[in-house]
Structures are given as structure tokens and as C-alpha cells.
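Asker: Have a look at this one before I ask anything.
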Ligand SMILES: Cc1cc2nc3c(=O)[nH]c(=O)nc-3n(C[C@H](O)[C@H](O)[C@H](O)COP(=O)(O)OP(=O)(O)OC[C@H]3O[C@@H](n4cnc5c(N)ncnc54)[C@H](O)[C@@H]3O)c2cc1C
């Protein structure tokens with residue numbers, strides 16, 4: 121509090137915020153106070169959540185402890201959930217944090233800033249559909265992914281132990297939304313449920329008993345990607361037995377079923393929502409900052425919020441202009457690019473130089489269909505337009521997205537060692553988590 125150094129406070133240690141805190145700490149942490157605030161203690165790259173949910177990824181191998189990361193990279197980490205902002209006093213208000221037994225760990229606090237970066241990501245959007253928030257699981261955090269996985273393994277064990285015939289909804293999973301997240305989850309689940317059963321749950325017949333379906337309101341899966349890609353993905357999913365319902369609007373989610381607007385009822389023991397996102401509710405009218413209809417903070421091309429030069433927003437929670445295309449899409453690659461851009465802009469700001477505009481470069485989209493394939497389209501100068509990619513090359517590009525994130529957090533030496541350790545572990549441990 122007595123320091124005269126420039127204070128950068130970053131709220132949200134996700135794909136964008138943690139990369140920014142790490143880079144600032146590494147490069148200028150000796151002369152600038154960098155503080156990262158997150159409501160969790162550990163970070164997992166969100167595009168990995170569907171793998172945790174399906175059980176194909178070992179969480180421990182990919183989790184980053186904020187405290188340790190901060191210690192190694194010369195920034196401070198403070199736990200807590202941002203609940204308010206005082207722009208006059210330039211203070212971020214953070215709620216008290218509690219342990220699992222409800223005991224207070226940290227009190228309600230305020231953190232002063234000279235530069236504030238809000239990077240709190242997004243939540244799944246229930247679009248006000250009845251029953252969604254009560255009966256459909258979400259996939260927003262490590263806890264959600266772990267909960268889903270436990271429910272899935274328990275469903276298999278329950279079905280195996282049962283002496284009576286399976287009820288219509290048993291061992292059926294319905295995924296609402298066939299964007300990248302829904303489609304990736306469907307493919308992973310199809311494989312991992314079979315692996316769980318193969319560990320001796322021989323009274324479950326995977327082909328007849330387990331059914332994964334995806335429900336999409338648009339007329340095709342991956343509606344924001346090129347038609348050819350949608351078709352290739354649809355064909356792959358159908359080939360392995362994932363049921364695809366396109367042009368199907370969800371009217372209501374019931375305790376063990378999904379009711380569609382056309383009256384059909386799809387029984388399902390587990391329902392997951394993966395359709396559309398919105399920024400957290402507390403950003404709506406946050407201290408008079410401008411927000412849009414999905415609660416994103418509206419920012420200028422400099423990534424500064426429209427009404428306050430000292431407050432920046434990046435990643436999913438920012439509505440950043442993308443000339444001719446609307447706003448920058450909520451993707452990990454956008455959060456990464458904005459974090460890297462903002463690193464340089466914070467340096468310029470401290471040096472009293474004018475800020476430069478952010479320009480989003482769309483490198484295309486890649487969708488992992490587990491062991492079946494990876495499909496995607498690549499964009500930009502490298503391939504001269506838009507090119508559809510599939511198979512081993514697409515898989516390599518997909519993996520490189522995560523490697524870029526890991527490189528930004530740990531540097532090349534540690535990432536190489538981690539990767540080797542994971543390859544060895546994969547050869548010796550079960551391929552699917554059973555707990
Ligand atoms: C299952 C899934 C799969 C995905 N797959 C892909 C993919 O293949 N490719 C792709 O490009 N994108 C993908 N995405 C989207 C991508 O994960 C996001 O675009 C990206 O993580 C956004 O980064 P961010 O930094 O804005 O937010 P996040 O990475 O979501 O981080 C937000 C951080 O803020 C913290 N936080 C939130 N609220 C508060 C608060 N009030 N106070 C303090 N801390 C707070 C959270 O704990 C979190 O650590 C996927 C998303 C999901 C859920």
C-alpha cells in the first residue's frame with residue numbers, strides 16, 4: 121500500500137489473465153507491482169475441461185498452482201472473487217474467501233490499482249430455457265468437469281450392479297449445443313464410457329446401452345464454421361454412433377429428459393449445456409462501465425473500457441471491435457493474443473507513450489474428435505485464405521494451441537520436460553480416469 125511503483129491489478133487468471141501476469145512479472149516485475157486476483161487456487165486451461173469431464177485427462181498433470189506460479193514469476197497472487205469496483209478510489213472489491221467447511225480464510229478486501237485488467241472469462245448461457253439451470257450440468261470450471269466425470273462413472277457402476285432392466289434414461293447423455301465444446305465432449309465421452317465399461321463392468325453393453333446425443337438449434341453442427349467442416353464432423357459422429365439432432369430447439373430440461381420445441385422428449389440421465397456463453401452478471405453496470413447484452417465490458421481497440429482509460433478488459437468478458445466482423449470471438453487464441461498485446465501496451469502506458477490498437481488475427485478453428493480425428497479450418501496468410509484440415513496435421517495444430525499457452529506460462533525448458541513426463545506416464549497408466 122505504501123509503494124510508489126505502478127500497480128497493475130489483473131482480475132481472473134485464465135487463458136488471458138495468467139499469461140499476462142506471468143509475462144509482466146517475468147519482464148518488469150522488479151519495477152512494477154503486479155497482482156493477480158482469482159477466486160480459485162489453481163488454473164486449468166478451459167479447452168481441456170471436456171477431457172477432464174470425459175476422464176481422458178489427468179488433472180494433476182495440467183493444473184497450475186497460482187501461488188507457486190506467482191512466486192516463480194515475480195507477481196503476487198491473492199485469492200478472492202471480485203464483487204465490485206470503485207473507479208474514483210481506483211479500488212477493486214473482493215469478497216471474503218472460505219474453506220470447504222465454511223470457515224473464513226481471507227476477509228473481504230480492497231486492492232488499489234493504477235492499471236486494472238479485467239479478465240474474468242465467461243459462463244454458459246442458459247438463455248432462460250426452463251429447467252436448464254436446475255437439471256443441466258455446466259462445464260465452466262474444474263469442479264464442474266470433475267462432478268460430471270464422477271456422475272458418469274457412477275452411472276456406469278450403478279447400471280452394472282443393477283438387477284432390474286435399465287430405465288429409458290439410464291446411460292444416456294444429452295449435450296445441448298453442437299459447437300466445438302459440445303462436439304468435442306460427445307466424441308471424448310463416446311470413447312471413455314466404453315473404456316470405463318471395459319474395466320470389468322461386463323453387464324453393460326456399450327453399443328446398446330450407452331447413448332450420447334448432441335442437440336443443436338441450428339441446421340448443422342459447428343454452425344459458425346464452414347459447411348464442409350460441419351458435414352465432415354457430422355459424418356464422423358454419426359459413424360461412431362453419436363446421435364446428432366440438428367434444427368432441434370430445447371424447450372425445457374426435465375429431471376431425466378430433454379423436451380424439444382417440436383414435442384419430442386429425449387430421455388437422458390445426464391444433461392450437459394454447452395450452448396453459448398455470457399460474461400459474469402456482476403459486470404453488468406459495474407461502476408458505470410459500458411456493458412453489452414451478454415454482460416461483456418465494451419472496450420475500444422486499445423482494450424481500454426469505453427468510459428475509463430485505467431480499466432482494461434481482455435478475453436471472453438470483453439466486447440472488442442473486430443472491424444467488419446462484429447466483435448472478437450470468445451476463444452482461447454483471442455485471450456492469448458490480447459494478453460500479449462496488453463503486455464506491450466502496459467509498458468507503453470507506464471512509459472507515458474500512446475497506446476496502440478489491438479488487431480485480432482484469426483488463425484481458424486480446430487475441433488478435436490478424440491481418437492477419431494481432428495478437423496478444422498486454417499486461415500490467414502500462411503495458407504492463403506481458408507483451408508480445411510483433418511487428421512494428423514490438424515491434431516498437431518490443435519495440440520500446438522495448448523503448447524503455446526504452456527510456453528507462455530512456463531517457458532520452453534519446463535514444457536519440454538513436462539511433455540516427456542506425460543508421454544511416459546501415458547504408457548504406464550490407464551488411459552481413462554476411474555474416479
Ligand atoms: C469446455 C470448453 C472447451 C473450449 N474449447 C476451446 C477450444 O478448443 N478453442 C478455443 O479457442 N477456445 C475454447 N474454449 C473457450 C476458451 O476456453 C475461452 O475463450 C478462454 O478460456 C477465455 O479466456 P479468458 O482468460 O477470457 O477466461 P478464462 O480462461 O475463463 O479465465 C477466467 C478466470 O477468471 C476467474 N474469475 C471469474 N470470475 C471471477 C471473479 N469474479 N473474481 C475473480 N476471479 C474470477 C476464473 O476463476 C478464471 O480463472 C473452450 C471453453 C470451454 C468451457
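Residue numbers (our numbering): 121 to 555. The beta carbon of each residue, even a glycine, is placed where N, CA and C say it ideally should be. Source: prediction; values computed, not measured.
1. Taking C-beta to C-beta, are residue 199 and residue 213 nearer than 8 Å?
2. Should residue 399 go down as buried or exposed, given a rule of 16 or more other Cβ atoms within 10 Å for buried?
3. Report yes if the CB atom of residue 438 is closer than 8 Å to the CB atom of residue 417, and no otherwise.
4. Would you say the beta carbon of residue 202 is closer than 7 Å to some non-hydrogen atom of ligand 1?
5. Does DSSP put residue 176 in a helix, in a strand, or in coil?
6. My output table needs one value for residue 147: the three-state DSSP class, helix, strand or coil.
7. Is it true that the CB of residue 341 sits closer than 8 Å to the CB of residue 366?
8. Taking residue 430 as part of the beta strand (DSSP E), name the residues at either end of that continuous run.
9. According to the neighbour-count rule (16 or more other Cβ atoms, all chains shown, within 10 Å of its Cβ), is residue 247 buried or exposed?
10. I'd like to know if the segment 280-294 and the segment 421-429 are in contact, where contact means that at least 3 CB-CB pairs between them fall below 8 Å.
11. If you compare alpha carbons, which of 175, 477, 431 is closest to residue 264?
12. Hey, how far is the Cα of residue 446 from the Cα of residue 485?
13. Can you give me the C-alpha to C-alpha distance between residue 298 and residue 311, rounded to a whole angstrom?
14. Use the C-beta contact count for residue 344: other C-beta atoms within 10 angstroms, 16 or more gives buried, fewer gives exposed.
15. Return the CA-CA distance between residue 197 and residue 186, expressed in angstroms with no decimal places.
16. At a threshold of 7 Å, does residue 206 count as lining ligand 1 (C-beta to nearest heavy atom)?
17. Does ligand 1 have a heavy atom nearer than 7 Å to the CB of residue 355?
18. Measuring only from the beta carbon, is residue 318 closer than 7 Å to any heavy atom that is part of ligand 1?
19. What does a CB cutoff of less than 6 Å around residue 179 pick up in its chain, not counting 5 residues either side in sequence?
20. Residue 446 by DSSP, collapsed to three states: which one?
21. For the candidate residues 534, 452, 481, whose alpha-carbon lies nearest to that of residue 240?
22. Tell me the DSSP secondary structure of residue 269 in three-state form.
23. For the beta strand (DSSP E) that residue 402 lies in, which residues bound it at each end?
24. Please determine whether the Cβ atom of residue 453 lies at a distance below 7 Å from any heavy atom of ligand 1.
25. Give me the Cα-Cα distance between residue 434 and residue 528, rounded to the nearest whole angstrom.
26. Chain C beta carbons: is any one of them nearer than 8 Å to that of residue 420?
27. Output needed for residue 335: all residues of its chain with C-beta closer than 8 Å, excluding positions within five of it in sequence on either side, in chain order.
28. Using 8 Å as the Cβ pair cut-off and three pairs as the minimum, do the segment 275-283 and the segment 320-331 touch?
29. In three-state terms, what does DSSP make of residue 557?
30. Compute every distance between the C-beta of residue 260 and the non-hydrogen atoms of ligand 1, then say whether any falls below 7 Å.
31. Measure the C-alpha to C-alpha separation of residue 146 and residue 164 and round it to an integer number of angstroms.
Answerer: In this structure, then:
1. no
2. buried
3. yes
4. yes
5. coil
6. helix
7. Closer than 8 Å, so yes.
8. 428-433
9. Looking at its Cβ environment, which holds fewer than 16 other Cβ atoms inside 10 Å, residue 247 is exposed.
10. no
11. Nearest option by C-alpha distance: 175.
12. 18 Å
13. Going by the C-alpha atoms only, they are around 18 Å apart.
14. exposed
15. 6 Å
16. Not so, every heavy atom of ligand 1 lies at least 7 Å from the Cβ.
17. No, the beta carbon of residue 355 sits no closer than 7 Å to any heavy atom of ligand 1.
18. no
19. 172
20. strand
21. Selection 534, 452, 481 evaluated against residue 240 yields 452 as nearest (Cα-Cα).
22. If DSSP states are grouped into helix, strand and coil, residue 269 belongs with the helices.
23. Segment: none, residue 402 is in no beta strand (DSSP E) and carries neither H nor E.
24. yes
25. 16 Å
26. Absence of chain C from the displayed structure is noted, only one protein chain being present.
27. 294, 295, 296, 297, 298, 365, 368, 370, 378, 380, 386
28. yes
29. Because the chain in this structure spans residues 121 to 555, residue 557 falls outside the shown range and cannot be described.
30. Taking the Cβ of residue 260 as the reference point, at least one heavy atom of ligand 1 falls within a distance shorter than 7 Å.
31. Their Cα atoms are separated by approximately 20 Å.
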